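Structure, as structure tokens:
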Amino acid sequence: MRIGRKISVALLTVGILICFYAIAYSQGTNLGTIRGTVTDPNGAIIPNAAVKITDQTTGISRDLTTDSEGNYEATFLKLGVYKVTVTAPGFKTSELDVSVKGADVVRADIRTEVGAQNENVLVTGAESGLIENEQPVIAGTINNKQLIEIPRDSRDIYEFLYLNPDITQGPNGDGSFKFIGGQSYGASFSLDSQRTNGGIFGEPTSSQPSLETIGELTVLSKNFTAEYSGIANIRVETKRGGKKYHGSLFYNNKNDALAAWTVQDKNAQAAFLPTADTPSFPKSRFNLNETGGSLSGPFPLSGDKTFFMLSYERRWDLNVVQLRSSTVPTSLILNGDFTPIAANSRPTVNAAVLPLLTPAELANNTVVTGGTRRWLSIPTRLLNPIAINIMNGYYPHTNPATPFSTTNGRLKSFVRNVPGLLTRDLATLRIDRDFSDKDKFFAVYTFQDNPGNRRTLAISPLPAFGLLSQHQTNHTLSLSYTRLFSNSLVNELRGGFNVQNLFRRGNQRNRDFLANVGFNDGEITTIGSILGSDLLDTAGPTRFTIAPFTGIGNGGRSINRNLDQKLATFGDTATWTKGSHSIRAGADFVRNQATDGFTANRGNPRGFLNWGSSMTSYANFLLGLPPNSATYVGATRRGDLNVANWEDGFFIQDDYRIRPSITLNLGLRYELITPFVEKNDLMVNFDPSTSANPGFQGRFVIPSDKTRALLDPRFITYGVVTADQAGVGRGLLKTDKNNFAPRLGIAWRLKDAMVLRGGYGVYYPTSAAQGMRDALATNAFNQSLQKRGTQGLPGGINPRGITPFSGGTISVGDPNDFTALAANAIPFDLQSPRIEQYNVTFEREFRANLALRVSYVGSRQHNLIAGRDLNELPPNNIPFGVHNEDGDLCDPIDEGDCVVSPADAARRPFPKLGDFLATYGNTGRGHSNALQIEVNRRFARGLTFNASYTLLDQKSSGTDVGNSSLGGTLYNQFAPDVDFSRDSFISRHRFVSYGSYELPFGRERAYGKSISKWADGVIGGWDLTWNMFAKSGTGFTPYWFCNSCSNFGFLGPGNVGSGFIDAIGDFSSNTYRPLVVSDPYANLTGDQVFNPSAFALPPLGADLFDNPAVAKRNFLIGPGTWGVNLGVHKFFRFNENTRLEVGMDFNNVFNHPLFSPLDTGFAQVGDFDVGVDPAGKLVIENVNINPDFGRNNISYSQEGIDNRRSVRIRLRLTF
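Okay, so the sequence shown: first residue is 8 according to the working numbering, each after it adds one.
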């Protein structure tokens, strides 16, 4: 190890010396290279031959001379087609057209012919780059023609990434990405070498140009050189203007009139029952309009040295969010009528209300069942007006005949469409300037404005609250200056910025919500004095939990949220060619800065009123009785997160031509990613290994004394030290200085059209602030205060002027009670995950236009980050948290009075602290092995296509749930490797294809050259384009959700004393894996994929994790799916440069339901409550089976293909 480290340091030092002047960021150049050897007819090298490289777009040339080995190399070439002209005494002049794609190294060897120099020879098979001859990289490129013509469901550039065999759909559905051999985070995205990742999640922002201006989309997916960062490198490069003026105009429309119905629409229509406000079934209506254009050419009055490309487009997207829920109550019980509910499930009559009932009401409105007096219906005179306003104003009034559960009142299925409009204005300007033949410059600016309604309900699943509103703007600037010191020494300096500003909010302020349901001004003012008066004027309502069906949610973290992400990037790359060596070196510097309102919305800043989750709870709510608890945020309420960090990278890369047919690639990259630092020092870390105060185990670490003002006083009492005292920086973590990334590769050209190549490299994910945002900057703030014994709802049987937040005694947040303190523990020496990638690849060209690639691609994933709870107990049979404050057995379902007793607390590793003491460490690992076969046909005789197949085996013990650098949560934290199994979101088999075919009929095609113009207008100029995918199913983990457990955290199966337990790993707390009692694929009926009867309730005791029948991670394999898009386009040519396209893109042309689910809720078996029996043991009650578990009843849009057939009409004029 020491020898290896010394070699790495030595190579790095050489690289730094070469690029010592590099003061800025290089996201890896997007400029390409043409490299070749000039030989005579016998294969002997020709030194000192003159080589001219002419840019066919602008007509600007560069002159070279072959070296003593006959080699030449032209570096830092922009995207485009170049003519390579070779002259030498005694030989004819040879010409070769070479296509350069982005940062490709294109091999262009030329064999001359004997003759006079004034005789020209056009070398055939000239368009190079069909196979990779020089490097070990696995990469793919889609050019502008393909981007425009391939039928996709969106013009967003990143939707085309699914055409790559190494990228599939990620955890957040369409628009998220899972990288084969890696995770769903850590890739680097760039636009003209300007990084476009967002600082919070590390995912691509919406900073992207119009398709009109994109020259190509390149994916470096495996074993790319040291120049590039990330576990994959996705690069978008814009087109340049040229010496002639060109332009385009387009219009697209897609609407529901030409679309088929989705499976879910058909199911919803079949179950639909009309109501007064919805007399007919609400069809899913949508209308997408897109229009715009582009213009490029020489800049006026600038000679032939300055060129421009300009584009603008606008989108109007009117669509619906389809709400599907099985937790909405039947309208029969909204006003307190419980006769439709089963006798044993009807609510009990509260003892405080019995004296208020008349003899007639006792006889007619109540009934005694099993010795318990229960409500048949609540007398209207006793109903609280605020409660009734909530139920009638915010809950759907469905048809009374709609099927529902007589146990909990939930509808079997509720479907509603909520419409919303999003618009987008997108503009791009690129300017290229050649100041001389040695000084070249370009600048690209992209702007986007995107206001409207987000495709998310403000308060799910209640459509009365509408959709979230949002306004987003994006600004991206890319600058590049290239200096040719000589043909062997070239330098490129780059810089720029990427800014995305986003604000999301609900449509109603808390003040308005409270007023709408009946609180008067004085009562609202009282509530504001408790919660904070400013919170009355922020979007989002007070949260209500009232019954076994859905309550009024608080809208989550996005109900009133700023989310701004800014990157400033600068850089320099130098290339030096000497003999057989082509050395490239540089340095990377990225500054990430982000602001996020996620932190300000932690907890329940606008208050939480909890009546419980039973029918009795619901009756008490309707009566206006006091809630079981009232929760709000105390004085530790913080504002938006404001963080920044640096990503620094240094690299050196040598492409060494050992022999004319063998190239060795040697590279080393060193990455230094600093921890994110909060501008206002609002972060807290827990150090479990060192104590600050006697009697307290562990200590809390803060960036500086500045933090103390917003800390809950209990932190101070427990023990707080500053970062300096703890020996860490303001980011509360140490900088990982071990990220050396060697890159090795070799390419052996067996023949001119055959290469065997392979490579090995180490890669690190790009940074994201989400990990520290959640763990360090959020969870220790907005500490909750919880009161019991507060007053009820004003009005009805209660006097006006009271509020449910008033009065009572503090049960959570007492100054001497530390168990409710929320904080996380991130190890000071947490390291970046490390990915090893390797491949062996054989490529062969056939008949000049067809290429085959066969690759073995493997990876090893180390130090994956996963979470566990430091205070979680191993499962056991000793009840935990089953008593109330009086020491009696508690009632977690109706009364919600369970607490952690001193005896319970003493069992925890940190007795003074509570549950959810989460820590995240490098505990995960993974590996993948894949066979990839790819066939690529270059455009010839009207046909071009790409087809790829991947056979994949990928496993991990880490949990990949789209949580960026934070990772996920371990289910069995005491034996993490038990979950080493199939990775999430991947298919074992996947096939992808795309292409286009010009039908050979017409005046410009192979057949019909002499037909009339009228005939040509009918049968000539037709093109077919397509793209498709087919994949096998992905893995799912079945789980149960515990309703009553979520009210406490510490109460639940296994007596582990923690709400951190998570069956999937996606922070869905209080979820548990079932026992598998039979074959889940047997005895299926209808649209079932899994049989729910194969799964039993989870164990309640010591075998919660270890019972051999407990379901394993991702052991269920969901359905596979396939989809095809087909484009039919007709072209009318007016002259050499002007043509009109009229066409239709049939998205999901075969209307095949895409059943491969994207939602983990597909595997939720159901939910239940945990109660306490008279013996003090846990029992499971109120079991509800999820009616949608494991069913093929939803078709999902995925991988750029709609969930039903739709038609896009397209008009396009190019000139």
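Using N, Cα and C, we set each Cβ at its ideal position, and we do this for glycine too. Because the structure is a prediction, the values reported are computed rather than measured.
Check, Outcome
"Measure the C-alpha to C-alpha separation of T584 and L679 and round it to an integer number of angstroms.", "28 Å"
"Spatial neighbours of I41 within its chain, please: C-beta separation below 6 Å, excluding the five flanking residues on both sides.", "A81, V105, V113, A115"
"Does G310 have its Cβ less than 8 Å from a Cβ in chain C?", "Judged by its chain identifiers, the structure shown contains no chain C, having just a single protein chain."
"Could you have a look at G765 and say whether DSSP puts it in helix, strand or coil?", "strand"
"Could you spell out the range, first to last residue, of the beta strand (DSSP E) harbouring E941?", "925-947"
"Here's a check: name, in chain order, each residue in its chain whose Cβ is nearer than 6 Å to the Cβ of N831, leaving out the five neighbours to either side.", "A782, N786, A925"
"Going by DSSP, what residue range makes up the alpha helix (DSSP H) through I393?", "392-401"
"Please state whether DSSP places A1089 in a helix, a strand or coil.", "coil"
"Could you check what DSSP says for C1052 in three-state terms: helix, strand or coil?", "helix"
"Drop a sphere of 10 angstroms on the beta-carbon of H404, count the other beta-carbons inside from all chains shown, and report buried for 16 or more, exposed for fewer.", "exposed"
"I need the straight-line Cα distance from P1106 to L977, nearest angstrom please.", "18 Å"
"Let's test the definition: count the other Cβ atoms within 10 Å of the Cβ of T365 and tell me whether it reaches 16, buried, or not, exposed.", "exposed"
"Looking only at its own chain, which residues have a Cβ that is under 7 Å from the Cβ of L491, when we skip the five neighbours before and after it?", "K445, V497"
"Please determine whether the Cβ atom of D743 lies at a distance below 7 Å from any heavy atom of the ligand ZN.", "As presented, the structure is devoid of all ligands, the ligand ZN included, so that no description of it is given."
"Taking 6 Å as the limit between beta carbons, can you name the residues of its chain near F83, skipping five residues before and five after?", "L38, T489, V497, E499"
"Could you tell me how far apart the beta carbons of P54 and G77 are, in whole angstroms, since I believe they sit closer than 8 Å?", "6 Å"
"When DSSP labels each residue in this structure, what does N460 get in the three-state scheme?", "strand"
"Verify whether the separation of the beta carbon atoms of G614 and L538 is less than 8 Å.", "yes"
"Identify, in the order they occur along the chain, each residue of the same chain with its Cβ nearer than 8 Å to the Cβ of L1111, setting aside the five sequence neighbours on each side.", "P882, P1060, G1061, V1063, Y1079, P1105, V1117"
"Out of curiosity, what's the CA-to-CA distance linking V1096 and Q190?", "27 Å"
"In this structure, how does DSSP classify R1211 when only helix, strand and coil are distinguished?", "coil"
"When you compare the CB positions of K229 and V144, do they come within less than 8 Å of one another, or not?", "yes"
"Suppose contacts are defined by Cβ-Cβ distances below 8 Å. Is F1157 in contact with V1131 by that definition?", "yes"
"Spatial neighbours of R1010 within its chain, please: C-beta separation below 7 Å, excluding the five flanking residues on both sides.", "K1016, I1018, D1023, G1027"
"May I ask which residues mark the beginning and end of the alpha helix (DSSP H) holding T623?", "622-630"
"Look up T337 in the DSSP assignment and say whether it is helix, strand or coil.", "coil"
"Residue range of the beta strand (DSSP E) that N1132 falls in?", "1128-1140"
"Just list the residues that DSSP pairs P305 with in beta bridges.", "F314"
"If E139 sits next to R550, beta carbons under 8 Å apart, how far is it from one beta carbon to the other, in whole angstroms?", "E139 to R550, Cβ: 56 Å. No contact."
"Is the region 84-103 touching the region 45-62 in the sense that three or more CB pairs, one from each, lie closer than 8 Å?", "yes"
"Using CA coordinates, which residue listed in R1198, L103, A1037, R1120 is at the minimum distance from Y169?", "A1037"
"With a threshold of 16 other CB atoms inside 10 Å of the CB of P555, please say whether the residue is buried or exposed.", "buried"
"Should D324 go down as buried or exposed, given a rule of 16 or more other Cβ atoms within 10 Å for buried?", "buried"
"Going by CA-CA distance only, name the one from A1109, L1091, P1087, D1094 that's closest to A1103.", "P1087"
"Three or more C-beta pairs under 8 Å: does that hold for the region 925-936 against the region 817-833?", "yes"
"When the Cα atoms are used, what is the spatial distance from N567 to T463?", "13 Å"
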